[in-house]
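Chains as they are written, first to last, in the working numbering: chain B, 90 to 199; chain Y, 786 to 899.
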């Protein structure tokens, strides 16, 4: 399978803490994206990092990419209750296909 | 801009029945995708269209699933006949070629097969 895997599968933190999620993938990629999915809803694109980039920031989000280890991490700083959702990494191959990981379920406790 | 529209939002059918889902992508987006998301898992690509042509349908169970995008805009995904294991959320997404694969997802159709 070309799907990635997120780690941990579930994460529960207090509001204000930082949340770190990791993703590993198997294939060569053009870029890697992170998506968020609220319960019962569609996925929302959060951030994209190209294969030649190592780190990217967007607001409270920080993404790193290590292509030698085929891994990425998503850091959410100063978490809020509204950040409670499932987070998926998606590896983008040359055909512009997304191969999603299994997701990390984040719960932020107010 | 208007997002990706999908209908119906929910569907309950019995096994061996047929069902169809509809998707209207974001205006101007040439690429359209259908995904199957089983509870607790990440989405799995079923089929990708570029305009009205199929780019990738390698993971589409072609004995029972079919999809079309006749005019390069709207798309329908059909399951005939449905099996219990087809219970899932079916997500439609679209992308514009210049956005390096960023995909915009619809709300999905939750299918329950009894």
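The beta carbon of each residue, even a glycine, is placed where N, CA and C say it ideally should be.
In this text, all values refer to a predicted model and were calculated from it rather than measured experimentally.
Of all alpha-carbon atoms in B:173, B:193, B:121, the one lying nearest the alpha-carbon of residue 96 of chain B is that of B:193. Residues of chain B whose Cβ lies closer than 8 Å to the Cβ of residue 887 of chain Y are, in chain order, 122, 134, 137. Considering only beta carbons, the part of the stretch 822-851 of chain Y lying closer than 7 Å to chain B consists of 826, 827, 828, 830, 833, 840, 841, in chain order.
Residue contact check for residue 187 of chain B against chain Y: a CB pair falls below 8 Å.
Judged by DSSP secondary structure, residue 838 of chain Y falls within the beta strand (DSSP E) whose first and last residues are 838-841. Beta-bridge analysis with DSSP links residue 174 of chain B to B:195. DSSP places residue 153 of chain B inside the beta strand (DSSP E), whose first and last residues are 150-155. Out of B:188, B:180, B:176, the CA that lies nearest to the CA of residue 108 of chain B is found in B:176. Under the three-state reduction of DSSP, residue 870 of chain Y is assigned to helix. Listed along chain B, no residue sits closer than 8 Å to residue 862 of chain Y by beta-carbon distance, the nearest being about 15 Å off.
By the criterion of a C-beta distance shorter than 6 Å, residue 106 of chain B is surrounded in its chain by 168, once the five residues flanking it on both sides are discounted. Distance from the CA of residue 860 of chain Y to the CA of residue 850 of chain Y, rounded to the nearest whole angstrom, comes to 13 Å.
With respect to the 8 Å criterion, residue 190 of chain B and residue 891 of chain Y are not classified as neighbours on the basis of their beta carbons. In the DSSP assignment, residue 96 of chain B forms a beta bridge with B:111. Closest in C-alpha terms to residue 829 of chain Y, from the list B:178, B:117, B:195, comes B:178. Look at residue 882 of chain Y here: in three-state DSSP terms it is helix. For residue 105 of chain B, not one C-beta of chain Y is nearer than 8 Å to its own C-beta. Separation of the CB atoms of residue 806 of chain Y and residue 822 of chain Y is rounded to 13 Å, and the pair is thereby denied contact status at 8 Å. The straight-line gap separating the alpha-carbon atoms of residue 856 of chain Y and residue 836 of chain Y is approximately 8 Å. By the Cβ-count criterion, residue 876 of chain Y is buried, with 16 or more other Cβ atoms from all chains shown falling within 10 Å of its own Cβ.
For residue 891 of chain Y, the residues of chain B that pass the 8 Å Cβ criterion are 131, in the order they occur in the chain. Per DSSP, reduced to three states, the secondary structure at residue 804 of chain Y is strand.
Not one beta carbon of chain Y lies nearer than 8 Å to the beta carbon of residue 148 of chain B.
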